[in-house]
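Residue numbers (this note's numbering), protein chains in the order written: chain U, 3 to 566; chain S, -9 to 76. Input: a single structure, listed below in structure tokens.
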Amino acid sequence: MDIQTWTYILVGLTFALYIGIAIWSRVGSTSDFYIAGSKVPPLANGMATAADWMSAASFISMAGLIAFMGYDGGVYLMGWTGGYVLLALLLAPYLRKFGKFTVPDFIGDRYYSNVARTVAVVCAIIVSFTYVAGQMRGVGVVFARFLEVPINMGVYIGMVIVFFYAVLGGMKGITYTQVAQYCILIFAYMVPAFFISFQLTGNVVPQLGFGSTLADGSGTFLLEKLNQLHQELGFAEYTSGTKSTIDVFAITLALMVGTAGLPHVIVRFFTVPKVRDARKSVGYALLFIAILYTTAPAIAAFARVNLIETVSNEQYDEVPAWFTNWEETGLLSFDDKDGDGKIQYVANEQQNELTIDQDIMVLANPEIANLPNWVIALVAAGGLAAALSTAAGLLLVISTSISHDLIKKQIMPEITEKVELVWARIAAGFAVVVAGYFGINPPGFVAATVALAFGLAAASFFPAILLGIFDKKMNRQGAITGMIVGIVLMLFYMIKYKLGGFGGGTEADWWFGISPEGFGTVAMIVNLVVAITISRFTADPPEDVQDLVEEIRYPGPAREITDQ
Amino acid sequence: MGKEKNMDEYWHANLRYVGILTSIWFIVSFGCGILLVEPLNSIQIGGFKLGFWFAQQGSIYVFVVLIFVYVWLMNRLDKKFDVHEG
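Below is the structure:
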């Protein structure tokens, strides 16, 4: 069977599965809709969190990004996993004990202030929308690539599927589809990785193949070979980086702290029955994420070697078929500058004749390695699973922010649960449509703002939640000022150095040599310092709030989550 | 009064665990993977330079272990202070 037929079959089967789960898990209460009634077993929640977290970018783009960055790619690997340690140790158990529906719920109650709640809602919505636009686009791109439908058509199909299970099943529907999506995406990621690792190094486990000798009998280590190739072509050594140490440090910390502060990740730990389940399920989540995240750098190195060996200095008219196929998509382009008919792939931009999009590294990997057609189709189904699962999680945060944090908690507190649930569904439907719109008309700033989402979460949520738990004397004046100063500073820096506002600026003007991607670290520290200083000069929080802080520190007997 | 003192002890034991484990978290990622990457890269284990390995593999494995160690420590502590759930 050809690739197209296989893709239709596998994508069709997985979509039927998602819809089946949606129908099975439809819900009738707000507790089910927002947090799946807090009945999700820790293992299932771990898988759901992993799928929620790993987006189209993790699945499709990350390995390629690392392949081009070498050592520097470690900022993503450590940055997007290390945050889970912070979640497990500093946030998740306490927020579960607090036992409400959303992150703004915690901020609003802990800082006894609807201003704080509203600041939190605005942050949650901005962070989630910037993220979700990219996911819907990702769905469209995968469809376009593998099923040869227009990108916009792909976005519509994705919207219909997400609409179906998010509106019908809420968090419960999303959770169990995410469990299925995790299984599909990890299988789709690992199968080609096993094949390629075995072909290149003779070791089937990619994490080990990464550090093994090549299977060609030369006795050279894979990474040694890669460093040699890089040297010959004029690239920086693969195992050393080009970024400054302080920038690598700042980016890694900003991504970690941002991860721990992302509302769609935090809310997943409201769905388990107990405090100890919250701790354990963060562990499972990271374990499931680590399977992909330790494979990605191996794939990056394999793909890099394969690519250079296949194309570098080869005759253009003798390249394998995949090269021409991907040229048609525009992700690969060859410009024979010196007219010798050979492909020169070198670091020097004047002489380099080959332009490669990072996404190709994962998408074309099965073809480069001559794997069977069903494996190629599997990668398509996996990419869709990764994009859809993340989109659904984000949409739920947006709809909950609107129906619960704004309508129920502030605008119309008198509405019944039934009415609130109707609002939740309307908000979810509305969010799907808006996300679809951005998927079809992607705003130019999306690429820039995904990094902003982490910086924003690091600069706002993380300090407010952390201090809310660990500093009993933190009051609303300190927390609100801290959040606002943190966000504004982060926005200012991003707009100035990323989008050219406020007079713009170049790398030479960066504060402390820290890039906008890493600036969340600085903004977070400023937030902490401002919040602590102000709280020491203003009134202590009321007794009942201090008692609340005391209470969330001890697991105590499990409590049903109720909405008050 | 006695109960309150107990709760203080529980909280301080928790803070101690958190302090130790986050130090390890910091050492493997920011220490071995970033600040000390150059000196560690002079050590070769199999096909890996050690600093590079910490940045792209090792720190992630340690993160996973850290969380499960914390889960185990806290379950034990919850039982000891009788604050575990149902």
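Even for Gly, the Cβ is constructed at its ideal location relative to N, Cα and C. Just so we're clear, the structure is a prediction, and the values are computed from it rather than from any experiment.
Separation of the CB atoms of Met526/U and Ala466/U is rounded to 10 angstroms, and the pair is thereby denied contact status at 8 angstroms. Ranking Gly260/U, Cys125/U, Val399/U, Lys411/U by CA distance to the CA of Val490/U puts Cys125/U first. With a beta-carbon spacing of about 6 angstroms, Ala118/U and Ala481/U fall inside the 8 angstroms limit used to define contacts. Taking 9 angstroms as the cut-off, the beta carbon of Thr331/U is found no closer than this to the beta carbon of Arg139/U. For Thr331/U, there is no enclosing beta strand (DSSP E); the enclosing alpha helix (DSSP H) has its first and last residue at 323 to 331. Scanning the segment 321 to 401 of chain U from its first residue to its last, the whole alpha helix (DSSP H) runs of 4-plus residues come out as 323 to 331, 362 to 365, 367 to 370. Interface annotation, Glu(-1)/S: not in contact with chain U, CB-CB separation never under 9 angstroms. The alpha helix (DSSP H) runs of length 4 or more contained entirely in the segment 29 to 56 of chain U are, from start to end of the chain, 32 to 37, 44 to 55.
Chain U has a Cβ within less than 9 angstroms of the Cβ of Ser19/S. Scanning the segment 417 to 474 of chain U from its first residue to its last, the whole alpha helix (DSSP H) runs of 4-plus residues come out as 419 to 442, 448 to 461, 463 to 472.
For the C-beta of His74/S, the chain U residues within less than 8 angstroms are, from N- to C-terminus, Arg278, Pro557. For the C-beta of Gly213/U, the chain S residues within less than 9 angstroms are, from N- to C-terminus, Ile35, Gly36, Gly37, Phe38, Trp43, Gln47. The beta carbon of Tyr86/U sits closer than 6 angstroms to those of Val284, Leu288, all from its chain and outside the five residues before and after it, given in chain order.
Linking Met80/U to Leu390/U through their CA atoms gives a straight-line distance of about 24 angstroms.
Bounds of the alpha helix (DSSP H) holding Arg98/U are 94 to 100. Taking a 10 Å sphere around the C-beta of Ala541/U, we find fewer than 16 other C-beta atoms and assign the residue as exposed.
Residue contact check for Ser242/U against chain S: a CB pair falls below 9 angstroms. For Leu30/S, the uninterrupted alpha helix (DSSP H) run begins and ends at 27 to 31, by DSSP. Closest in C-alpha terms to Val27/S, from the list Ala46/U, Gly39/U, Ser242/U, comes Ser242/U. Just so you know, the alpha carbons of Thr402/U and Val18/S end up roughly 37 angstroms apart. Residue state for Ile291/U is assigned as helix, using DSSP reduced to three classes.
Leu25/S has a beta carbon lying within less than 9 angstroms of a beta carbon in chain U.
Residue-level contact by beta carbon fails for Ile301/U and chain S, as no gap is shorter than 9 angstroms.
Residue environment: Asp361/U is assigned as buried (16 or more neighbouring CB atoms within 10 Å of its CB, all protein chains considered). Thr247, Val250, Phe251, Thr254, Leu255, Met258: these are the residues of the segment 245 to 265 of chain U whose beta carbon lies less than 9 angstroms from some beta carbon of chain S, given in chain order. The C-beta of Leu30/S comes no closer than 9 angstroms to any C-beta of chain U. Per DSSP, reduced to three states, the secondary structure at Ile516/U is coil, with no helix or strand assignment.
Membership of Gln6/U in the alpha helix (DSSP H) is indicated by the continuous run 5 to 26. Taking Thr51/U as reference, the option from Ala292/U, Ala455/U, Met192/U with the minimal CA-CA separation is Ala292/U.
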